[in-house]
Structure formats: structure tokens, C-alpha cells
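> Our numbering numbers the first residue of the sequence shown as 1 and each following residue consecutively. Take a look at this one; I'll ask things after.
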Amino acid sequence: MKSKQPILPTWLSMALSIAFVFSSIAVIIFAYLTFEIVWNRPVNPVEAAAIEVAGINLDMNQVGTVPVPTLLAGQPTPTLLPTREGLADSEAINILAMGIDRRPGEPFVSRTDSIMVISIDPETERVSILSIPRDLYVVIPGRGRDRINTAFVYGASGNDPAAGATLAMQTIEYNLGIALDHYLLVDFSAVINGVDALGGIDVYVPYDINDPTFPDMNYGYDPLYIPAGQHHFDGTMALKYARTRHADNDFYRAQRQQQVVLAARDKALGLGLGGLLTRAPVLYQQLEQGLRTDLSLEEMVRIATTLGSVPEDNIRNEVIDHNYVSSYTTEAGASVLILNNEKAALLIQELFYGE
């Protein structure tokens, strides 16, 4: 008896499945479109990335001279949020999505200036998104205390992005009590190419954005002005809108990043199966170099199936902002944020544990 042959080519079936994922969380979250199915390996395997990250500059852009962090007497020591039990019995999948501050020609390992935790629950058809500020001062396991956006680089210092993602996940679990299952790393090119492949996104800008010191791709300045109102952004403008922070602060930037994510989701869902089908080859070709993930094809299909049916009212997005942190200056002179654990615990319980 002959085995059944797939109706669609393998690469197209994969691209379509991941396109549905992209349609639901999109751009910064689920733009992973390259996968070696036979070996069930992640996008852009770590082995292939080892050479490109050799000799990376580990400058963390800290204020003042900051040594390898150690726990010092007199520094604020927030009570760690306990990791909640019970996820093993839950259908929810918690994913750490990180935006990599990587310019063209640079190695993949860099600071993670966009940090989100996304929880997808197939049983309840609910999605929760929590943005974490990059300057949150935390305990990094095995390293000491530092900004949370340095955890990935510390972990990947052996030229291993997967190890960097693992340390970042451990850091969040240890300090915020959120158990994480998977990671997704996305660089600038994936955001630009992903939005362009969708034909742009529609975003409402609530107030004028004036950022005269917006950074360009060569570490210079590219003054940015976006008037308030409804806009149609291509990939480049979507990235600029998601990155700008000098007109306000990092908390509002996190809100803009979530805006871009949800706008991309809306656009992709509006395209329907036919529209995604025509764009699948382009998505596959343009996004493969800008992504890393440990999600398997089976897991991606499962997530895609869930996300395609999640109503907008069942998506909750929050930011750990000034209501949950206080400012602090380290002995080295770095300006950081200290988490208010009591307030943050309530938010985390509501988002990820339904309490």
C-alpha cells in the first residue's frame, strides 16, 4: 500500500503554518519561518551561528564603569517572586520573545532591548502579553545583579545564542516567578521584512512623536517626527515607531511595541488564507536570517491553530511601568529600576495564572 503524499510541498506547508502564527502575534513575536524539519532543529541552528558571534563587543552601554556584577551590601534586595506551580497540568505555553538590537552586518548576539512574555492558552483561547523594561535591576543566576537586558549577552558569551536565551529565561523565572517554556529572538531585519511582506500595518499614534536623536543603523542620528493620527507604516517606519523612546520613555516604547505586534496581527488576519498563501514564499525567504527559536514544527502548528481563533477581547497586554518600579542608581552610577514585588505579583497572577 502506497503511503499518502502531502497535498502541498513541505516548505509551503511549513510556511503557511508559521504564517498563521505570524498573523496572530506577528513581527516581534512569531516570525520564525525557517526550520529543518527532519532533525527538528531550531531556526538558524546555534552551530551555524557560532562563527558569526565570535569576538562580539560585550559593552552593555552602562553609565559609568560597571564590573561583572556581584551582590553588594547595601544594595536593594527585592524579595523574589516565587515561581508558580501547576503549569505542567496547564495547556498554556509561555514564550519569552526578545528583540535583538542588531544592525546590518553585526553578529546576532546583542542586547535585548525589547523583552516580552507571551502566554497562549489553547484551552481558554486567551493570550497574555507582558512587556518587561530593559533597565530592570535583577539577579542574573551565576552572574550577580545587573540590568535584565544583559542576561542574554552574558549567557551567550560562549558564542551560543541558545545559551543566552536560556539564561534570560532563567533570570525572568528567578526574579518574576514566571515559568517559561520557549524563546524567540527577533532582530531589526525580521521586523522590517515581516511588516513589508504583509504590505504594511495601520497604527494610530495618540500624540506627536518628536525624537531628534533617534539612532540610525550606523550609530548616528536620524531625527524622527511622527504626527498624531492614523498612519500606514511600512517595515522601516514600524520599526522606528517601536524603537523611539526619547520623546517619552521606555514604558511608552513598550506600549508602542505591543501596538506594532497587534497591528501586524490584525493585518495578517485580514489577509486571510489566500493572502497568506501568496506571501508565504516571501516571508520564508526574508525572515530566516533574523530569527532564532527553540519551538518545534509541531509546537508552531499547535500555537498557530490556537492563535487563529483567539478573539481580540481575549488578548490582554500589559507593561511593567512606573506603577510597578522605582528608580535607583547603583554604586557604579548606573540608573536602573527596582521592581515593586508586591504590586508586580498581583499583575503576574492575573495575567498568567488567572487569579
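For glycine and all other residues, C-beta sits at the position ideal for the given N, C-alpha and C.
Assuming E419 is part of the alpha helix (DSSP H), what are its boundary residues?
The requested residue 419 is not part of the displayed model; the chain covers only 1 to 355.
> Looking at the structure shown, is P78 part of a helix, part of a strand, or coil, going by DSSP?
For P78, the pLDDT reaches just 43, beneath the cut-off of 50, and the residue's location in the model is therefore unreliable, although a value from the coordinates is still provided. Note: P78 maps to coil in three-state DSSP.
> Compute the beta-carbon to beta-carbon distance between V205 and H231, rounded to the nearest angstrom, for a pair I have assumed lies under 8 Å.
6 Å
> For T306, collect the residues of the same chain with a Cβ closer than 7 Å to its Cβ; drop the 5 residues on either side in sequence, then sort them by chain order.
I120, P122, E125
> Are the segment 337-346 and the segment 311-329 touching by the rule of at least three beta carbon pairs closer than 8 Å?
Enough Cβ pairs lie closer than 8 Å, so yes.
> Out of I148, I129, N193, point me to the one whose CA is closest to D135's CA.
With distances taken between Cα atoms, D135 lies closest to I148.
> Helix, strand or coil for E125 per DSSP?
Three-state result, E125: coil.
> Look at the alpha carbon of I29 and the alpha carbon of I132, and state the distance between them as a whole number of angstroms.
For I29, the predicted model reports a pLDDT of 35, less than 50, meaning its position is unreliable; a value from the coordinates is still stated below. Each residue's alpha carbon lies about 14 Å from the other.
> How many angstroms separate the CA atom of P215 from the CA atom of D113?
14 Å
> Report the rounded CA-to-CA distance for T79 versus T213, giving the unit in angstroms.
Model confidence at T79 stands at a pLDDT of 43, short of 50, so the residue's coordinates are unreliable and nothing is read from them.
> L184 to A345, Cα distance in whole Å?
One C-alpha to the other measures close to 24 Å.
> State the CB to CB distance for the pair G235 and D196, rounded to an integer number of angstroms; the pair is presumed to be in contact (CB under 8 Å).
The pair is a contact, with the Cβ atoms about 4 Å apart (cut-off 8 Å).
> Exposed or buried, G354, counting other C-beta atoms within 10 Å across all chains shown (16 or more means buried)?
G354 comes out exposed.
> If you draw a straight line from the C-alpha of V127 to the C-alpha of F251, how long is it?
21 Å
> Taking all protein chains shown into account, do 16 or more other C-beta atoms lie within 10 angstroms of the C-beta of N249, making it buried, or fewer, making it exposed?
Answer is exposed; the Cβ neighbour count stays below 16.
> Which value, in whole angstroms, describes the spacing of the CA atoms of Q255 and M116?
11 Å
> Taking only three categories from DSSP, how would you classify P215?
For P215, the three-state secondary structure derived from DSSP is strand.
> Output needed for A263: all residues of its chain with C-beta closer than 7 Å, excluding positions within five of it in sequence on either side, in chain order.
I201, D202, V203
> Run through DSSP, which three-state label would A263 get?
Assignment of A263 by DSSP, reduced to helix, strand and coil, places it in the helix class.
> Does the distance from the C-beta atom of L198 to that of A268 stay below 8 Å?
yes
> What whole-angstrom Cβ distance do A238 and V191 have, given they're in contact under 8 Å?
7 Å
> From the DSSP output, which residues share a beta bridge with I93?
I120
> Locate the beta strand (DSSP E) running through R143, then write down its first and last residues.
The continuous stretches of beta strand (DSSP E) do not include R143, and DSSP gives it neither H nor E.
> Whole angstroms are fine: how far does the CA of D294 sit from the CA of A162?
8 Å
> From what residue to what residue does the beta strand (DSSP E) around L184 run?
182-187
> DSSP three-state label for T83, please.
With a pLDDT of 45 at T83, under the threshold of 50, the modelled position of that residue is not reliable, and no figure is offered here.
> Please report how far the alpha carbon of I7 lies from the alpha carbon of E298, in whole angstroms.
At I7 the pLDDT is 42, less than 50, meaning the model places this residue with poor confidence; the figure from the coordinates comes in the next sentence. Rounded to the nearest angstrom, the two C-alpha atoms are 18 Å apart.
> Closer than 7 Å by C-beta to T170: which residues in its own chain qualify, once you throw out the five before and the five after it? Chain order, please.
One detail in the question is off: residue 170 reads as Gln in this sequence, not Thr. Result list for Q170: P141, in chain order.
> So what does L224 bridge to, in DSSP terms?
Answer is D211, bridged to L224.
> I need the straight-line Cα distance from A168 to F152, nearest angstrom please.
5 Å
> Taking the beta carbon of Y154 as the centre, do at least 16 other beta carbons fall within 10 Å, making it buried, or is it exposed?
buried
> Quick one: what does DSSP say T329 is sitting in, helix, strand or coil?
strand
> Helix, strand or coil for L295 per DSSP?
coil
> Can you tell me which residues form a DSSP beta bridge with R316?
S128
> Just grab the DSSP bridge partners of F233 for me.
In DSSP, F233 forms a bridge with I201.
> If I measure Cβ to Cβ from S189 and keep anything under 6 Å in the same chain, skipping five residues before and after, which residues do I get?
G290
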